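Chemist: Sequential numbering from -9 applies to the sequence shown in our numbering.
We treat Cβ as the ideally placed atom computed from N, Cα and C, and that holds for glycine.
Predicted model only: the values in this text are computed from it and were never measured.
Following this message is one structure expressed as structure tokens.
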Amino acid sequence: MNTIMLTRIFLFLCAIACALHSATAQSPFITSATEVVTTHIELSTQRTTVIILPAAVAENGVDRGSAQILAKPVDGVGNVIKVKAASDSLQPTNLTIFTTDGRVYRFDVSFSLHPVRDFFDFASQPSPAASPAVRFLPNRMDDASILKTSAFITELGGHRKRPASNSNGAMKMRVRGIYLSHGVIFFQLGISNGSGVPFEIDFIRCYQRDRRKIKRKSQMEKEVKPLSTTYQKNPIIGAFTPGYSMVLAFEKFTIADDKYFMIEAFEKNGDRHLAIKVVGDDILKAQPILGQ
């Protein structure tokens, strides 16, 4: 009788063990957790740790678990972050970086006087450190898509010839197309150079301005910064070039009838200046992007 009872107990425990093993192996929580790899980094007050990513860091895309972490993008380089400890009292914490291609990079952070490693390059080769792509808000495309779409638009033939700038030094600029996609408005500009001197773009300035000047007051201006500026090849319009194309991308906007939108192109080391005045009706005629 005791032998039979012990055998039954043994078989019952084996069944429980097998069930637990099966449940653990099939657990979606454990499976999904292994998809995200967390990288450990050590920070010092005396040494700077550099993180290179495959894509640019998204706007407000650096989340520090502690104010004792100093994190700063490298000026002029969108995909490089410099990280350092603010003091030697830094406690173990975390750092999360979001990039414009929809990836998330997670780091466990601790303090060390002499970090074993102070250079992380995730751009040179595919890295398991990034999580699966995150989803941006549906009414706004991500920066990588903006650049891809802008490059596509530079090759389009356009759907309009106006508004256009006045001629200046045999140079002229016109709006060749206005397009709208996923919360972003794209202005395709055509620039022609009828002179024998190349025109190198120094910078583009865009702003909204009141049409009427209020008595005793100057016109009100509001600067509008592009999300991206894409040139067909480079910012140089060669001599006797009839149809150079560039694209400016902005957050979707409209303007009232008593305002206009100005796009100005300034020549580097030169005085040729091109300016286009865009009114509200022009913007309302934006077209969807075909072929994307």
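(1) In angstroms, rounded to a whole number, what distance separates the CA positions of Ala141 and Met236?
(2) In this structure, what does DSSP give as the bridge partners for His30?
(3) According to DSSP, is Ile194 helix, strand or coil?
(4) The beta strand (DSSP E) spanning Phe88 covers which residue range?
(5) What are the residues that DSSP puts in a beta bridge with His263?
(6) How long is the line joining the alpha carbons of Glu32 and Ala46, rounded to whole angstroms?
(7) Report all residues from its chain with a CB closer than 7 Å to the CB of Val64; omit the five preceding and five following residues, and keep chain order.
(8) Any idea what DSSP makes of Asp271, helix, strand or coil?
(9) Can you tell me the Cβ-Cβ gap for Thr28 and Asp98, rounded? I've got them flagged as a contact below 8 Å.
(10) Return helix, strand or coil for Ala113, following the three-state DSSP convention.
(11) Check each candidate in Leu179, Ser218, Ser171 and name the one with the smallest Cα separation from Val165.
(12) Taking Cβ positions, are Met163 and Arg199 nearer each other than 8 Å?
(13) So, are the CB atoms of Ala57 and Leu85 less than 8 Å apart?
(14) Going by C-alpha distance, which of Arg93, Lys212, Gly167, Val106 is nearest Ile245?
(15) Return helix, strand or coil for Ala134, following the three-state DSSP convention.
(16) Does the contact criterion of 3 or more C-beta pairs under 8 Å hold for the region 258 to 277 versus the region 227 to 235?
(17) Report yes if the C-beta distance between Gln222 and Thr144 is below 8 Å; otherwise report no.
(18) When you compare the CB positions of Lys242 and Leu137, do they come within less than 8 Å of one another, or not?
(19) Kindly indicate which three-state DSSP category Ile168 falls into: helix, strand or coil?
Modeler: This is what the structure holds:
(1) Cα-Cα distance, rounded: 9 Å.
(2) Bridge partners of His30 according to DSSP: Asp98.
(3) Reduced to three states, the DSSP call for Ile194 is strand.
(4) It spans 83 to 89 - the beta strand (DSSP E) in which Phe88 sits, taken as one unbroken run.
(5) In DSSP, His263 forms a bridge with Phe256.
(6) Separation of Glu32 and Ala46 (C-alpha to C-alpha, rounded to the nearest whole angstrom) is 23 Å.
(7) The answer, listed in chain order, is Val70, Lys72.
(8) Residue state, collapsed to three classes: helix.
(9) Thr28 to Asp98, Cβ: 5 Å. Contact.
(10) Three-state DSSP puts Ala113 in coil, outside helix and strand.
(11) Measuring from the Cα of Val165, the nearest candidate turns out to be Leu179.
(12) Taking 8 Å as the cut-off, the Cβ atoms of Met163 and Arg199 do not count as close.
(13) Contact flag unset, no.
(14) Restricting attention to Arg93, Lys212, Gly167, Val106, the CA atom closest to the CA of Ile245 is found in Lys212.
(15) Of the three classes helix, strand and coil, the one that applies to Ala134 here is helix, per DSSP.
(16) In short, these stretches do not touch, since the Cβ pair count stays below three.
(17) Yes, the pair counts as a contact, with Cβ atoms nearer than the cut-off.
(18) Against a cut-off of 8 Å, the Cβ pair of Leu137 and Lys242 comes out as no contact.
(19) In the structure shown, Ile168 sits in a strand (DSSP, three-state: E or B).
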